[in-house]
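Structure record follows, encoded as structure tokens.
Protein chains in written order, with this note's numbering: chain A, 15 to 296; chain B, 1083 to 1353.
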């Protein structure tokens, strides 16, 4: 019964993953005969590629910003919207809305908001007399990465709010009641009840968001294509450009393998940290 | 008191941050460029469908809409069919083979789909599957199988084993048990997964961008990217195109909010 699925999966997932390993040891433009170069691609990537290091740095910054802000806002909003009142359900539905849009649509909408001449953000800044803050958000290498990160946070915070609400609603009400009897302030309740009890959910949210930020492609491609001057280039856009703009297929394959190892390492570290954290609380 | 002000301010700001851009797009699709730039949030001077007409006359919206529909619907259908068969086989397996099968698909969860772009590109070039919607469907199925198997398996695992066994004792073969017991029971999981898959497939850019370059095979996200170049200076046309491309998702979201949110959340949590 599993045969058709397994055949397709092997042919278009497992087999390509193995071919990819082979490509990573070749110098190949996708057309002429590939040349075997051993581990030279890996060596070049790690010791001789400033652009790669810059983009890796971009991606780490992008991930940190998105993980911290998206998780923080989502937890905050979830504590605000915890009870299933009409208003809260309505707001959750509104917040979730961007999640159903395509990255391309979101990217193009924000391209308008950020537009230096006609955009909404600069129009608002000028209207309240902050003309000096009106920037070329996507066209300036100083801001582009942050501008794209903000869009990503806007895009997926609502989804994380829903995940947090589901997690926080599992916390027994008695814990809060007991805390209140003890005279705990709102902040103390958050610190001593909500935060430790929400840790498993936080682990899920952080892991999912991290992977999402290391896989990001569509949004970047639609907004800046990685520019200007690679300031908003991330790992997957880099792989795409290496292969389909630079025609370095072997080198691009090497980059994807680095990406897999990086994602696995980050996931492993996060699991360890969050599990240890979980253990000490018991 | 201070807490309440803080809370309500933040909640309002984020609600506005979602609603304002959405309104700009909807209103903008009825406006001329000048109106969008001068008063993006005002109601249009006149509600007319000029932009929609221009978009349709340009002949570039029906085909991608049709292509996206074909690709998303077939990808979801076959992924669900294949994934539920695998999940059923895993659930019913009494030997180690079920665990091996599960392990192999779990491997796919660890390798992000983006990693395979180069080998899939070369493979498809060799097979002549570039510029083919069929090829795109194949890739979509392969890429979304691991997560779908995972979600549906998790659901089957929670069902009491007796449900299947009783039917088997009654002499029903595997196909029958799958069709008349497993699938009807799994309806909530199947529904959630379908929505999750539909959104992914409808919105995907990376693989179509790489595999499709013939105009009559393009999907909506690709066409939107083309519009960005074509209508670089015309946000009114861009907004109209975005609105048209988002209509199916928005309608589904309005009418099936709950399953939508459940589906997309399950995809994130289980993934």
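Cβ atoms here follow ideal geometry from the backbone N, Cα and C, with glycine treated the same way.
- When the alpha-carbon of residue 108(A) is set against those of 1306(B), 1312(B), 1276(B), 1101(B), the nearest one is in 1101(B).
- Chain A places a beta carbon closer than 8 Å to that of residue 1335(B), counting this residue as a contact.
- Per DSSP, reduced to three states, the secondary structure at residue 49(A) is strand.
- The three-state reading of DSSP puts residue 40(A) in strand, counting E and B together.
- For residue 1319(B), the enclosing alpha helix (DSSP H) covers residues 1317-1337.
- Rounded to the nearest angstrom, the gap between the Cα atoms of residue 47(A) and residue 38(A) is 14 Å.
- One alpha carbon belongs to residue 148(A), the other to residue 235(A), and they sit about 24 Å apart.
- CA-to-CA, the gap between residue 146(A) and residue 1120(B) works out to about 20 Å.
- Unbroken alpha helix (DSSP H) stretches of 4 residues or longer found wholly inside the stretch 1105-1129 of chain B: 1115-1120, given in chain order.
- Assignment of residue 108(A) by DSSP, reduced to helix, strand and coil, places it in the helix class.
- Each of 1293(B), 1304(B), 1296(B) was checked against the Cα of residue 1284(B), and the nearest Cα belongs to 1304(B).
- Runs of the alpha helix (DSSP H) lying entirely within the stretch 1210-1289 of chain B and spanning at least 4 residues, in chain order: 1215-1240, 1244-1251, 1256-1259, 1269-1285.
- Near chain A, meaning a CB-to-CB distance below 9 Å, the residues of the stretch 1186-1203 of chain B are 1186, 1187, 1189, 1190, 1192, 1193, 1194, 1195, 1196, 1197, 1198, 1199, 1200, 1201, 1202, 1203.
- Excluding the 5 residues flanking it on each side, residue 143(A) has no same chain C-beta neighbour closer than 8 Å.
- Of the other Cβ atoms in all chains shown, fewer than 16 fall within 10 Å of the Cβ of residue 186(A); this residue is therefore exposed.
- Distance between residue 1270(B) and residue 1237(B), taken at the CA atoms: about 9 Å.
- The beta-carbon separation of residue 76(A) and residue 248(A), rounded to 6 Å, stays under the 8 Å limit for a contact.
- When the beta-carbon positions are compared, residue 246(A) and residue 117(A) stay at least 8 Å from each other.
- The Cβ neighbour count for residue 98(A), taken over all protein chains shown within 10 Å, is under 16; the residue is labelled exposed.
- Neighbours of residue 1107(B) across chain A, judged by C-beta separation under 7 Å: 123.
- Taking CB atoms only, residue 86(A) has no neighbour in chain B less than 8 Å away.
- Taking 8 Å as the threshold, the shortest C-beta distance from residue 58(A) to chain B does not fall below it.
- Note on geometry: alpha-carbon atoms of residue 133(A) and residue 1147(B) lie some 28 Å from one another.
- Shown here for residue 1342(B): same chain residues with a beta carbon closer than 7 Å to its own, the five before and five after excluded, namely 1277, 1334, 1335 in chain order.
- In the DSSP annotation of this structure, the continuous segment of the alpha helix (DSSP H) that includes residue 211(A) starts and ends at 209-229.
- In the three-state DSSP reduction, residue 1348(B) falls in the helix class (H, G or I).
- The three-state secondary structure of residue 183(A), taken from DSSP, is coil.
- Here DSSP, grouped into helix, strand and coil, assigns residue 1342(B) to helix.
- By the Cβ criterion, the stretch 20-34 of chain A is in contact with the stretch 1196-1205 of chain B, since at least three pairs of Cβ atoms, one from each stretch, lie closer than 8 Å.
- If you check each beta-carbon in the stretch 1135-1158 of chain B against every beta-carbon of chain A, none falls closer than 9 Å.
- For residue 122(A), the closest of 264(A), 232(A), 18(A), 266(A) by C-alpha to C-alpha distance is 232(A).
- Only residues of its own chain outside the window of five on either side were considered, and among them none has a CB closer than 8 Å to the CB of residue 258(A).
- In the three-state scheme derived from DSSP, where H, G and I count as helix and E and B as strand, residue 1176(B) is classed as coil.
- The alpha-carbon of residue 1340(B) is positioned some 14 Å away from that of residue 1349(B).
- Taken in chain order, the complete alpha helix (DSSP H) segments of 4 residues or longer contained in the stretch 1151-1195 of chain B are 1179-1192.
- Taking a Cβ-Cβ threshold of 9 Å, the residues of chain A close to residue 1328(B) are 114, 115, 116, 119, in chain order.
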